[in-house]
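Everything on this sheet refers to the single structure shown next.
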Amino acid sequence: SQKIEQNSEALNIQEGKTATLTCNYTNYSPAYLQWYRQDPGRGPVFLLLIRENEKEKRKERLKVTFDTTLKQSLFHITASQPADSATYLCALDINAGNMLTFGGGTRLMVKP
Amino acid sequence: GAGVSQSPSNKVTEKGKDVELRCDPISGHTALYWYRQSLGQGLEFLIYFQGNSAPDKSGLPSDRFSAERTGGSVSTLTIQRTQQEDSAVYLCASSPRTTTETQYFGPGTRLLVL
Numbered sequence: 573s574q575k576i577e578q579n580s581e582a583l584n585i586q587e588g589k590t591a592t593l594t595c596n597y598t599n600y601s602p603a604y605l606q607w608y609r610q611d612p613g614r615g616p617v618f619l620l621l622i623r624e625n626e627k628e629k630r631k632e633r634l635k636v637t638f639d640t641t642l643k644q645s646l647f648h649i650t651a652s653q654p655a656d657s658a659t660y661l662c663a664l665d666i667n668a669g670n671m672l673t674f675g676g677g678t679r680l681m682v683k684p
Numbered sequence: 007g008a009g010v011s012q013s014p015s016n017k018v019t020e021k022g023k024d025v026e027l028r029c030d031p032i033s034g035h036t037a038l039y040w041y042r043q044s045l046g047q048g049l050e051f052l053i054y055f056q057g058n059s060a061p062d063k064s065g066l067p068s069d070r071f072s073a074e075r076t077g078g079s080v081s082t083l084t085i086q087r088t089q090q091e092d093s094a095v096y097l098c099a100s101s102p103r104t105t106t107e108t109q110y111f112g113p114g115t116r117l118l119v120l
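Pasting the structure below:
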């Protein structure tokens with residue numbers, strides 16, 4: 573069955589450093605992959621979408637890579653700030669046009 | 007503009023009672039989704055509505071769960087004979103097109119079954 577893995581342990585980094593989060597998946601070839609941010613008590617907020625034919629996508633301090641051979645996406649936040657502290661979720665479209673399947677999320681803590 | 011809204015924001019109920027959760031999607035969005043998120047867990051897909059098509063109910067965990075979408079807009083998720091394991095945050099999302107690109111989430115309804 574389809575499985576999406578994100579590191580369940582919190583990632584603690586120092587302000588100004590680059591945070592790198594990992595999303596691995598098995599048994600599927602998604603057309604695209606999305607990353608969302610979720611703050612406590614709130615719904616997820618869309619950040620970036622990367623398609624299978626794209627190797628990398630950037631948005632301000634965010635960068636996402638997508639390696640369909642390794643079945644892995646990396647999510648980078650450069651020059652991290654305490655305000656970046658949140659849980660980050662990756663999601664795959666595993667049934668074209670119908671729904672997203674989400675990973676369990678990784679909590680990022682950026683310390684001043 | 008207005009985002010996705012959900013009500014109530016919190017609901018406490020007794021085991022065995024029925025509950026109704028409401029979702030108002032962004033105006034004009036044709037796709038609407040319901041998810042469940044247990045404490046510290048990822049999102050679990052429940053049901054998907056797309057326009058006037060029959061909903062995709064493949065994620066509903068039991069026949070105690072049902073949902074409807076009236077007039078292609080507001081949706082109601084109903085849980086009958088609630089159980090303690092139903093306690094979770096129920097999230098609704100809408101999407102403007104026929105694909106799953108960019109889902110816009112509401113704040114969720116926190117359900118506690120005592």
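These protein sequence lines are chains A and B, in that order.
Take the position in the first sequence, starting the count at 1, then add 572; the result is the number in my numbering.
Take the position in the second sequence, starting the count at 1, then add 6; the result is the number in my numbering.
We put the CB at the ideal spot given by N, CA and C, even for glycine.
Check                                                                                                                                                                         : Outcome
If you count every other CB in all the chains shown that lies within 10 Å of the CB of threonine 84 of chain B, and 16 or more means buried, which is it?                     : exposed
From the DSSP output, read off the bridge partner residues of serine 686 of chain A.                                                                                          : There is no way to answer for residue 686 of chain A, as the model of chain A reaches only from 573 to 684.
Which same chain residues end up closer than 7 Å to leucine 49 of chain B when comparing Cβ atoms and leaving out the 5 residues on each side of it in sequence?              : Tyr41, Gln43, Leu97
Fully enclosed by the region 28-63 of chain B, which beta strand (DSSP E) runs are 3 residues long or longer?                                                                 : 37-43, 49-56
Tell me which residues share the same chain as glutamine 89 of chain B and place their Cβ nearer than 7 Å to its Cβ, disregarding the 5 neighbours each side in the sequence. : Lys21, Val119
Please tell me whether threonine 82 of chain B has its Cβ less than 8 Å away from any Cβ of chain A.                                                                          : no
Would asparagine 661 of chain A count as contacting chain B if we go by Cβ distances under 8 Å?                                                                               : Position check: residue 661 of chain A holds leucine in this sequence, whereas asparagine was assumed. Output row for leucine 661 of chain A: interface = yes.
Tell me which residues of the region 577-593 of chain A have at least one Cβ-Cβ distance to chain B shorter than 9 Å, keeping chain order.                                    : Gln578, Ser580
Just the Cα atoms here: how many angstroms apart are leucine 52 of chain B and proline 67 of chain B?                                                                         : 7 Å
Determine the DSSP secondary structure at threonine 590 of chain A, reduced to helix, strand or coil.                                                                         : coil
For arginine 623 of chain A, list the residues DSSP reports as bridge partners.                                                                                               : A:Tyr604
Report the residue from A:Leu661, A:Thr673, A:Ala663, A:Ala655 whose alpha carbon sits nearest the alpha carbon of glutamine 586 of chain A.                                  : A:Ala655
Contact criterion: CB-CB distance below 8 Å. Does leucine 672 of chain A meet it with respect to chain B?                                                                     : yes
Comparing C-alpha positions only, which one of B:Ile32, B:Arg87, B:Tyr54 sits nearest to lysine 23 of chain B?                                                                : B:Arg87
Along the chain, where does the beta strand (DSSP E) that runs through aspartate 69 of chain B open and close?                                                                : Here aspartate 69 of chain B belongs to no beta strand (DSSP E), and DSSP marks it neither H nor E.
When Cβ atoms are compared, which residues of the region 28-52 of chain B fall closer than 7 Å to chain A?                                                                    : Tyr39, Gln47, Gly48, Leu49, Phe51
If you drop the 5 nearest sequence neighbours on each side, which residues of the same chain put their C-beta closer than 6 Å to that of proline 602 of chain A?              : Leu664, Asp665
What residue range is occupied by the uninterrupted beta strand (DSSP E) comprising glutamine 644 of chain A?                                                                 : 644-649
Measuring straight from C-alpha to C-alpha, what distance separates lysine 643 of chain A and threonine 650 of chain A?                                                       : 23 Å
Note the first and the last residue of the continuous beta strand (DSSP E) segment covering asparagine 16 of chain B.                                                         : 16-19
For glutamate 91 of chain B, name the three-state secondary structure that DSSP assigns.                                                                                      : helix
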